[in-house]
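Q:
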Amino acid sequence: MPIHRSSLITTASLLLAAFSVATQTQAAEPASVNDGFEINTTDWPWWRGPLRNGIASPEQAPPTSWSDSKGVAWKAPVPGRGHGSPTVVGNHVYLATCDEAAGSQSVLCFDRKTGKQLWQKEVHSSGAMRKNSKSTAASTTLACDGERLFVNFPNGGGLYTTALSRDGEQLWQQKISDYIVHQGYGSSPAIYQSLVIVTSDNKGGGAIAGLDRKTGKVVWKRDRPKTPNYPSPIILHAAGRDQLIMTGCDLVSSYDPLTGKTLWEIEGSTTECVTSTVTDGHRILTSGGYPTNHMSAVEADGSGKIAWSNKNRVYVPSMLLRDGIIYGVLDAGIASCWKSDSGEELWKERLDGNFSASPVLVGDLIFATNEAGLTFVYRASPEGYTEVAQNKLGDEVFATPTICGSRIYMRVAENGADARQEFLYCLKGE
Numbered sequence: 336m337p338i339h340r341s342s343l344i345t346t347a348s349l350l351l352a353a354f355s356v357a358t359q360t361q362a363a364e365p366a367s368v369n370d371g372f373e374i375n376t377t378d379w380p381w382w383r384g385p386l387r388n389g390i391a392s393p394e395q396a397p398p399t400s401w402s403d404s405k406g407v408a409w410k411a412p413v414p415g416r417g418h419g420s421p422t423v424v425g426n427h428v429y430l431a432t433c434d435e436a437a438g439s440q441s442v443l444c445f446d447r448k449t450g451k452q453l454w455q456k457e458v459h460s461s462g463a464m465r466k467n468s469k470s471t472a473a474s475t476t477l478a479c480d481g482e483r484l485f486v487n488f489p490n491g492g493g494l495y496t497t498a499l500s501r502d503g504e505q506l507w508q509q510k511i512s513d514y515i516v517h518q519g520y521g522s523s524p525a526i527y528q529s530l531v532i533v534t535s536d537n538k539g540g541g542a543i544a545g546l547d548r549k550t551g552k553v554v555w556k557r558d559r560p561k562t563p564n565y566p567s568p569i570i571l572h573a574a575g576r577d578q579l580i581m582t583g584c585d586l587v588s589s590y591d592p593l594t595g596k597t598l599w600e601i602e603g604s605t606t607e608c609v610t611s612t613v614t615d616g617h618r619i620l621t622s623g624g625y626p627t628n629h630m631s632a633v634e635a636d637g638s639g640k641i642a643w644s645n646k647n648r649v650y651v652p653s654m655l656l657r658d659g660i661i662y663g664v665l666d667a668g669i670a671s672c673w674k675s676d677s678g679e680e681l682w683k684e685r686l687d688g689n690f691s692a693s694p695v696l697v698g699d700l701i702f703a704t705n706e707a708g709l710t711f712v713y714r715a716s717p718e719g720y721t722e723v724a725q726n727k728l729g730d731e732v733f734a735t736p737t738i739c740g741s742r743i744y745m746r747v748a749e750n751g752a753d754a755r756q757e758f759l760y761c762l763k764g765e
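For the sequence shown, our numbering assigns the number 336 to the initial residue and increments by one for each residue that follows.
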């Protein structure tokens, strides 16, 4: 169980534990989220899904074949621009978006069954910030605790976390730190027990902070190095305890998620990272891409040992890990497979195009979408690459698909004769 045994073991944590066993992730038991929030395995409440590792509920049967005219349950226009993934809870789908002409940043809510836009809440009316052409000022994925929505936006020289009610009312807003835009911002909030945990790594010196979910009050806050860095905070159960892991800034850092106390920290990554780390229960898997291409496995027990490392460029798409096997897609479009204990490469296969979206695992199938909207569906097997299907949707995809309730929610852009237009698709099986 999580290390804080005095905390209430909720339906949510029990569901997560059962889900962990079903997906055989070897990551021991996942972190509790507390306070009575029931995580339905047909939902996707935050970045990388219920277990924070890109693994979807295995009993579902999402489509493996689709197009813009086949297998579409609904298609909804998305105002503005963003790369954040859909958050799906209950009857609703939530997205962050930015009107770049006005500099405004908003949260959108869609009906899960019909795709009808139910509301749009402007969080910042101006001041949105981004630089890299592949970035947006709305690249964060919302987190939902069943009652509240949490979103991070870089705005006007600062990084802000905002809480909304499920019907779009602003509940609180907290500035985390000043924020100097280097490329952009893509970190998503993480829910842990009574807290929402957020980061603002940037070259001006950022922070990692635990905020009270109900009030936005800063419960704990730690300064971070003055370097640009982009990962989301990820809470993993490794080496027998819950650990809040951050990679990048030339470090691998482990914090107690309830207090912010440093559990251990070593030099073990490159400066700029994007991916969200995963664990096999014993090792933390890290990857980055600037100034050096980098992958490594760091022992999670605080011993400071690096089990192995290599020079693969898994910079933006996060990795998957199941049964001691790592599955990843290099940015340049090479699907690869390694052993988590030794780093031994088992196979690799060149796909088509460049990749920014992270792969998602459902059962024994991996769904990996390239920047041109082509999704490769292939087997999660250490024996070799076996392709199941290829499916094209839209002209541009940077957001990771969300797969829950046997449906796929994809944020895509279509480049028309007059302008670029984003859409939210809901894909269904036959």
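The beta carbon of each residue, even a glycine, is placed where N, CA and C say it ideally should be. Remember, it's a predicted structure, so these values are computed and weren't measured experimentally.
#1: Apart from the five residues on each side of it in sequence, which residues of its chain come closer than 7 Å, Cβ to Cβ, to residue 687?
#2: Which runs of the beta strand (DSSP E) fall wholly inside the segment 457 to 499 and span at least 3 residues, in chain order?
#3: Can you name the start and end residues of the beta strand (DSSP E) that residue 405 belongs to?
#4: Grab me the residues of residue 447's own chain with a C-beta within less than 7 Å of its C-beta, minus the 5 sequence neighbours each way, in chain order.
#5: Tell me whether the beta-carbon of residue 727 lies closer than 7 Å to the beta-carbon of residue 408.
#6: Mind checking which residues open and close the beta strand (DSSP E) that includes residue 381?
#7: Helix, strand or coil for residue 374, going by three-state DSSP, please let me know.
#8: In this structure, does DSSP put residue 758 in helix, strand or coil?
#9: Output the boundary residues of the beta strand (DSSP E) element that contains residue 573.
#10: Please confirm if the segment 518 to 534 is in contact with the segment 471 to 480, defined as three or more CB-CB distances below 8 Å between the two stretches.
#11: Span of the beta strand (DSSP E) holding residue 750?
#12: Using the C-alpha atoms, what's the distance from residue 719 back to residue 513?
#13: With residue 615 and residue 583 assumed to form a contact (beta carbons below 8 Å), what rounded beta-carbon distance in angstroms separates them?
#14: Go ahead and label residue 492 buried or exposed: buried means 16 or more other beta carbons lie within 10 angstroms of its beta carbon, across all protein chains shown.
#15: Tell whether a beta-carbon distance below 7 Å holds between residue 406 and residue 398.
#16: Could you check whether residue 723 and residue 732 sit closer than 7 Å to each other, using their CB atoms as the reference points?
#17: Curious, which full-length beta strand (DSSP E) runs of at least 3 residues does the segment 632 to 714 contain?
#18: Looking at residue 440: is its Cβ nearer than 7 Å to the Cβ of residue 473?
#19: Would you mind sorting residue 748 into buried or exposed? The rule is 16 or more other CB atoms within 10 Å of its CB.
#20: Using the C-alpha atoms, what's the distance from residue 415 back to residue 779?
#21: Which residues does DSSP pair with residue 549 in a beta bridge?
#22: DSSP beta-bridge partners for residue 583?
#23: What's the gap between the Cα of residue 551 and the Cα of residue 498?
#24: If you follow the beta strand (DSSP E) that residue 445 is in, where does it begin and where does it stop?
#25: Could you give the DSSP three-state label for residue 504: helix, strand or coil?
#26: Report yes if the C-beta distance between residue 638 and residue 569 is below 7 Å; otherwise report no.
#27: Output yes or no for whether 7 Å exceeds the beta carbon distance between residue 557 and residue 519.
A: In terms of the structure at hand:
#1: Counting only Cβ-Cβ distances below 7 Å, and skipping sequence neighbours, we find 668, 705, 709.
#2: With a minimum length of 3 residues, the continuous beta strand (DSSP E) runs that stay inside the segment 457 to 499 are 483 to 490.
#3: No beta strand (DSSP E) contains residue 405, which DSSP labels as neither H nor E.
#4: Close CB contacts of residue 447 within its chain, under the 7 Å cut and outside five residues either way in sequence, are with 423, 426, 427, 428 (chain order).
#5: For residue 727 and residue 408, no; Cβs fall outside 7 Å.
#6: For residue 381, there is no enclosing beta strand (DSSP E), as DSSP gives it neither H nor E.
#7: If DSSP states are grouped into helix, strand and coil, residue 374 belongs with coil.
#8: Strand, per DSSP.
#9: Here the beta strand (DSSP E) through residue 573 covers 569 to 573.
#10: These segments touch.
#11: Here the beta strand (DSSP E) through residue 750 covers 742 to 750.
#12: Computed Cα separation, rounded: 47 Å.
#13: So it is not a contact: roughly 20 Å between Cβ atoms.
#14: By the 10 Å Cβ count, residue 492 comes out exposed.
#15: Yes; because the gap between Cβ atoms is below 7 Å, this pair is in contact.
#16: No. Outside cutoff.
#17: Whole beta strand (DSSP E) segments, 3+ residues: 641 to 645, 655 to 657, 660 to 664, 669 to 674, 680 to 685, 695 to 697, 700 to 704, 709 to 714.
#18: In this structure, residue 473 lies closer than 7 Å to residue 440 by Cβ.
#19: Classification of residue 748: buried, given that the 10 Å Cβ count is 16 or more.
#20: Only positions 336 to 765 of the chain appear in the structure, and residue 779 is not among them; the question remains open.
#21: In the DSSP output, where bridge partners are listed per residue, residue 549 has none listed.
#22: Beta-bridge pairing links residue 583 to 586.
#23: Distance from the CA atom of residue 551 to the CA atom of residue 498, rounded to whole angstroms, is 8 Å.
#24: For residue 445, the enclosing beta strand (DSSP E) covers residues 439 to 446.
#25: Residue 504 falls in the coil class under three-state DSSP.
#26: For residue 638 and residue 569, no; Cβs fall outside 7 Å.
#27: Contact flag unset, no.
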